Amino acid sequence: MQTNATAVRTYALPSVRFQSAAAALAVIAAVALPQIFHVAGAALGLGTALGQTLLPMHLPVLLVGLLAGPYAGAATGAFAPIISFALTGMPMAPMVPFMVIELAAYGLFAGILRGVALPNSIPSPIAWLMKLLGAQVAGRVVDAIAIAVAVYLLGNAQMSVASVAAAVVTGLPGLVLQWIAIPVIMFVVDRRHD
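Under the working numbering, the first residue of the sequence shown is numbered 125, with each subsequent residue one higher.
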């Protein structure tokens with residue numbers, strides 16, 4: 125019930141059928157989009173740099189978490205890199221466990237933050253951007269912890285904690301794309317449900 129400017133909008137978890145369908149479609153998108161970006165990068169003479177810069181696998185994972193909740197988001201994030209590796213050989217084998225952890229965290233936190241009610245005085249796109257930023261920060265923290273455990277406790281010499289910061293810098297254009305596209309998509313979804 126919205127009676128004043130401080131009322132909050134709540135978001136119920138969608139049906140299991142919707143969550144399952146959304147997760148399946150998001151996994152397909154998370155496997156297909158990087159391949160499209162790699163082909164485009166090769167055609168433009170950029171190699172795999174376009175995929176590393178625009179983060180195409182992250183977009184469907186974050187979006188499905190916000191649309192369908194934490195279960196669909198975490199499942200998409202966990203399965204997409206594994207299925208992508210099995211079908212395409214990408215990401216590279218040493219990166220797969222870290223991508224699983226990072227993307228599952230993105231999807232989980234996006235889904236958790238989906239249900240956080242914010243005051244209606246915050247415009248819908250800004251509210252979704254805030255939730256998206258929270259999921260991105262939480263996912264990067266989980267990724268940094270996983271890499272730190274691998275490096276300092278397990279002696280993994282292939283990774284470094286500094287790689288998290290380097291990935292943020294490299295992927296800044298992809299982050300900007302997410303900051304624009306995801307709140308707009310969620311705003312359109314909100315409008316259709318009003």
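All residues carry an ideal CB built from backbone N, CA and C; glycine is no exception.
Computed from a prediction, not measured in an experiment: that's the story for all the values here.
8 Å Cβ cutoff met for residue i and residue j
i, j, result
"A98", "F233", "Since the displayed the chain opens at 125 and closes at 318, residue 98 lies outside it and no answer follows."
"P249", "V292", "no"
"A154", "A204", "yes"
"V224", "A210", "no"
"V151", "T200", "yes"
"L190", "R238", "yes"
Cutoff 6 Å; reference residue i; Cβ partners in own chain excluding five residues on either side
i, result
"A198", "A228, G231, L232"
"W252", "P307, M310"
"N128", "Only weak support is given to the placement of N128: the predicted model assigns it a pLDDT of 44, under 50, and the value that follows is read from those uncertain coordinates. There are no such residues."
"V240", "none"
"D314", "S248"
"L242", "A251"
"R316", "none"
Which of helix, strand or coil DSSP assigns to residue i
i, result
"P138", "coil"
"P180", "coil"
"P215", "coil"
"T127", "Any reading at T127 is ruled out, since the residue's pLDDT is 44, under 50, leaving its predicted position unreliable."
"P194", "helix"
"P243", "strand"
"T172", "coil"
"M283", "coil"
"L227", "helix"
"L257", "helix"
"V312", "helix"
"L232", "helix"
"L157", "helix"
"G201", "helix"
"G189", "helix"
Residue i versus residue j: straight-line alpha-carbon distance, rounded
i, j, result
"A173", "A192", "30 Å"
"L168", "V261", "31 Å"
"L157", "V300", "17 Å"
"K255", "I236", "9 Å"
"I246", "L277", "43 Å"
"V188", "V275", "31 Å"
"A268", "V185", "19 Å"
"A78", "P138", "With the chain represented from 125 up to 318, any question about residue 78 goes unanswered, as that position is not in the structure."
"G175", "H162", "6 Å"
"P180", "N244", "31 Å"
"I160", "N280", "31 Å"
"A164", "V288", "25 Å"
"N166", "M214", "Sequence check: residue 166 is Ala here, not Asn. C-alpha separation (whole angstroms): 15 Å."
"A272", "V220", "16 Å"
"M147", "V266", "Here residue 147 turns out to be Ala, not Met, going by the sequence shown. Near 21 Å, if we compare the C-alpha coordinates of V266 and A147."
"G295", "M283", "17 Å"
"R264", "Q143", "24 Å"
"W303", "V312", "15 Å"
Neighbourhood of residue i by C-beta, 7 Å cutoff - its chain only, sequence neighbours within 5 removed
i, result
"I207", "V151, V155"
"A270", "F222, I225"
"L178", "F161, P297, G298, L301"
"G171", "G165"
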